[in-house]
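Number of protein chains: 2
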Amino acid sequence: MNYSSHFTDSDRLYMAEAIELAQFGRFTTPPNPNVGCIIVKHNQIIATGYHRQAGQPHAEVYALRQAGDRAQGATAYVTLEPCSHFGRTPPCADALINAGITRVVVAMQDPNPNVAGQGIKRLRQAGIQVDVGLLADEAQLINRAFLKRMRTGMPYVQLKLATSLDGKIAMASGESQWITSREARQDVQVFRAQASAILSTRATVQADNASLTVRHHELPPNIQQIYPIESVRKPVRVILDSQNQLTGDENLFQQSGKIWLVRKQNIEFNQQNTTVLIESSASKHIDLYLLLKQLALQQINSVWVEAGSHLAGALLEQNLVDELIIYYAPKLLGHNALDLCFLPHLHQLALVPEFEFQSVQMVGPDLRCILTKKSL
Amino acid sequence: MNYSSHFTDSDRLYMAEAIELAQFGRFTTPPNPNVGCIIVKHNQIIATGYHRQAGQPHAEVYALRQAGDRAQGATAYVTLEPCSHFGRTPPCADALINAGITRVVVAMQDPNPNVAGQGIKRLRQAGIQVDVGLLADEAQLINRAFLKRMRTGMPYVQLKLATSLDGKIAMASGESQWITSREARQDVQVFRAQASAILSTRATVQADNASLTVRHHELPPNIQQIYPIESVRKPVRVILDSQNQLTGDENLFQQSGKIWLVRKQNIEFNQQNTTVLIESSASKHIDLYLLLKQLALQQINSVWVEAGSHLAGALLEQNLVDELIIYYAPKLLGHNALDLCFLPHLHQLALVPEFEFQSVQMVGPDLRCILTKKSL
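Quick mapping for you: the protein sequence lines, in order, are chains A and B. Under UniProt numbering, the residues of the first sequence are numbered 1 to 376, in order. Under UniProt numbering, the residues of the second sequence are numbered 1 to 376, in order.
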């Protein structure tokens, strides 16, 4: 459906601003979506708001509070359909109606089954003009993880890879320190900080002595400024340990923040911050599809995967990766070095996992490529 | 030495334009350098010229012809020191003097031992103000191949690689068609067309039935327009065939354009367009260093390498590659697939070949990265 005829250039500018605003919440809103709201009267922005954190007011409420009585007769631009249900906060649709807003421009409908058009309907029933679909693609993009979970019951999976130009991650000897740069490793922190969960394996935890935490002091200064250390969430660390090999003494467990240890069978494991999840399918491996499904049920919107070639390969072979983030160090390690992706079942070129480049950017001396699953 | 204090913003603009102009010659000037010249009088460009082809007039002569009597008292901007010797054409320094030019701005001195400061000296002796060093880095860049040959007696080596995201060039079965896109393969034509020589191997010629020619109709329309089919050079195709396995019946030999077949021993080979070069070092392999040295002696400025992982690896291990051009197709082929670079002697991370990203650009669905040898 093409709604574009409804909208003026000013509409577009205001919605673009609301989307910009929504993104301020990207480190703190999960499991909620990012939402921005701008209230405009007589072609002037009179109030703005964005959703900061689950349990705190929605974007519309922030903006309406700021607008006060001036909201009478104004237009509200909202990046996601206003909610119509009582969740942790009262319905925003009602707040907009009560404030006397006369037009609401909505970038996209909320696929959350609790909303799903009910918010728009409620506004219209109250006599408000509601125009839907402005900058819908951009609005989808900022909530791609939330939206995937709502639509499919699966989290959005981002697979991080760090490699030489020729797709190698370590020398044959295992020597691998510093393939990519300090800058690339800092950049990873920004992605970790936005994820709902970080997925890794026993092998990575042991080999790299990885803590898999968000190190606030390694975030770029502009992000540190917006998000003081106490308000950045700690993504839950989900660690595959099908052979029960982790002891609890590893560095990972010494760092604060929740850990979900995924095992095939329950044995005693005492660490205050750790919950053991049992994945008891018949296979000796952990069933990644079932695990991800389970994570979505726990309101995990997005999973940031940092692991070795085996987990990367298994996720790819099962078509579970939505996004690749690849850091290329400008080096060549040669054919003897260790491979980036272990894809044992792949024998035909026609069946290889295909992606599309979305963005490419230098990060220090390295190149960061972001790709998404090829659309069919 | 920092000359920049001599120069005004106008000087910089005129020189930038001269460099732009010089690049029009990039498909046709080898073995000569690319040179542009702009003549300015009373802050107006009165004439322009660039060098088109060895044997044809130099940039200065084109511009002076266009300027005619108006050159009296004018300033000439030249991207490379005007020559002082009789080559295929008379010295440009004399032409500038005779035309009454009163100031010459030169981006950089010519390292050609026949010039090497003599042109500048000759102009100064005639009372002309000569300012040297404006936009020298940019001027070096457009002649990096010519300059390398002049300074080191070796050609500038560009290694082209086409790979999946994980550094693979074919499935284990050898299946490899269309790893990169049609657009990427067309882009390769533009590089071939600028090279002095194309270096490949018997294996590539046989496996891909490669002709390794410049296909004029695959060049972008804007380049086709500037360079009608008859004026684009045909880079010499240098093919390694140490085991004397090529018969002359291959597609390569049926396409017009010179071929230099590099062998370890001379046996009868009858193809009109083919010269056999004998590299008779003790090794059973062809000594790549000696071969490149030999090519430079034959006035080959730049070598564009299109071959498999073995030649790529050998050049890299011997530190003979100046520039990498890598096309990444957005696919993952997995660990069983065939590797991009065969580097059998590399066992330590500290010794891996390192490069620096210079440019990154989408070419159709693929990503093209250009990297140069890391400066020490």
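From the three backbone atoms N, C-alpha and C, an ideal C-beta is built for every residue, glycine too. Treat the numbers as computed from the prediction; the structure is a model and nothing was measured.
- Legend: CB atoms of the UniProt domain "CMP/dCMP-type deaminase" (9-131) of chain A lying less than 8 Å from CB atoms of chain B are not found in any residue.
- One Cα belongs to A:Ala71, the other to A:His217, and the distance between them is close to 40 Å.
- Ranking B:Ala210, B:Met154, B:Val188, B:Glu230 by CA distance to the CA of B:Leu219 puts B:Val188 first.
- DSSP, read as helix, strand or coil, puts B:Glu218 in helix.
- When the beta-carbon positions are compared, B:Lys258 and B:Asn244 stay at least 7 Å from each other.
- Taking 4 residues as the shortest admissible run, the region 53-93 of chain B contains the following complete alpha helix (DSSP H) segments, listed from N- to C-terminal end: 59-67.
- Look at the beta carbons and you see the region 362-370 of chain B touching the region 319-329 of chain B: at least three pairs across the two are nearer than 8 Å.
- Considered as a whole, the region 290-342 of chain A harbours 302-305, 323-329 as its complete beta strand (DSSP E) runs of no fewer than 3 residues, in chain order.
- The residue from B:Lys331, B:Gln348, B:Phe342 with its alpha-carbon nearest to that of A:Gln348 is B:Lys331.
- Where B:Gln206 is concerned, the enclosing alpha helix (DSSP H) starts and stops at 202-207.
- Remark: C-beta atoms of A:Phe27 and A:Val232 approach each other more closely than 7 Å.
- Within the region 225-248 of chain B, no residue has a Cβ lying closer than 9 Å to any Cβ of chain A.
- Distance from the CA atom of B:Ile128 to the CA atom of B:Asn34, rounded to whole angstroms, is 24 Å.
- The beta carbon of A:Asp287 does not come within 7 Å of any beta carbon belonging to chain B, so the residue lies off that interface.
- Interface flag for B:Val360 against chain A is set, since a Cβ pair is found closer than 7 Å.
- By the rule that beta-carbons nearer than 7 Å mark a contact, B:Asp137 does not touch chain A.
- For the pair of segments examined, the region 143-160 of chain A was found not to touch the region 152-164 of chain B: the number of CB pairs separated by less than 8 Å stays below three.
- B:Asn32 is classed as buried because its beta carbon has at least 16 other beta carbons within 10 Å across all chains shown.
- Residue-level contact by beta carbon holds for B:Pro330 and chain A, with a gap shorter than 7 Å.
- Three or more beta-carbon pairs drawn from the region 334-342 of chain A and the region 163-177 of chain A are found closer than 8 Å, and the two stretches are therefore classed as touching.
- Between the alpha carbons of B:Leu64 and B:Glu138 lies a gap of roughly 24 Å.
- Rounded to whole angstroms, the separation of the alpha carbons of B:Leu123 and B:Leu343 is 51 Å.
- The beta carbon of B:Phe146 does not come within 7 Å of any beta carbon belonging to chain A, so the residue lies off that interface.
- Given a length threshold of 4 residues, each whole run of the alpha helix (DSSP H) inside the region 216-282 of chain A is given here in chain order: 221-226, 251-254.
- Taking a beta-carbon distance threshold of 7 Å, A:Phe355 counts as an interface residue toward chain B.
- If you draw a straight line from the Cα of B:Asp131 to the Cα of B:Ser309, it is about 47 Å long.
- A direct Cα-Cα distance of roughly 49 Å separates B:Leu346 from B:His6.
- As summarised for the region 119-155 of chain A, the continuous beta strand (DSSP E) elements at least 3 residues long and confined to that stretch are 129-132, given in chain order.
- Distance from the Cα of A:Val115 is smallest, within the candidate group A:Ser84, A:Ala95, A:Leu141, for A:Ser84.
- Look at A:Gly334: its C-beta is under 7 Å from a C-beta on chain B.
- Residues are counted here when their Cβ sits less than 9 Å from a Cβ of chain A; for the region 163-178 of chain B these are Thr163, Ser164, Leu165, Asp166, Gly167, Lys168, Ala170, Met171, Ala172, Ser173, Glu175, Ser176, Gln177, Trp178, given in chain order.
- The beta-carbon of A:Asp208 is placed no less than 7 Å from the nearest beta-carbon of chain B.
- Scanning its chain for C-beta atoms nearer than 6 Å, with the 5 sequence neighbours on each side dropped, one finds around A:Gln271 the residues Gly248, Phe253, in chain order.
- When only Cα atoms are considered, B:Leu297 and B:Gln44 end up about 42 Å apart.
- When beta bridges are read from the DSSP output, B:Lys168 appears opposite B:Asp339.
- Selection B:Gly100, B:Asn143, B:Glu183 evaluated against B:Pro111 yields B:Asn143 as nearest (Cα-Cα).
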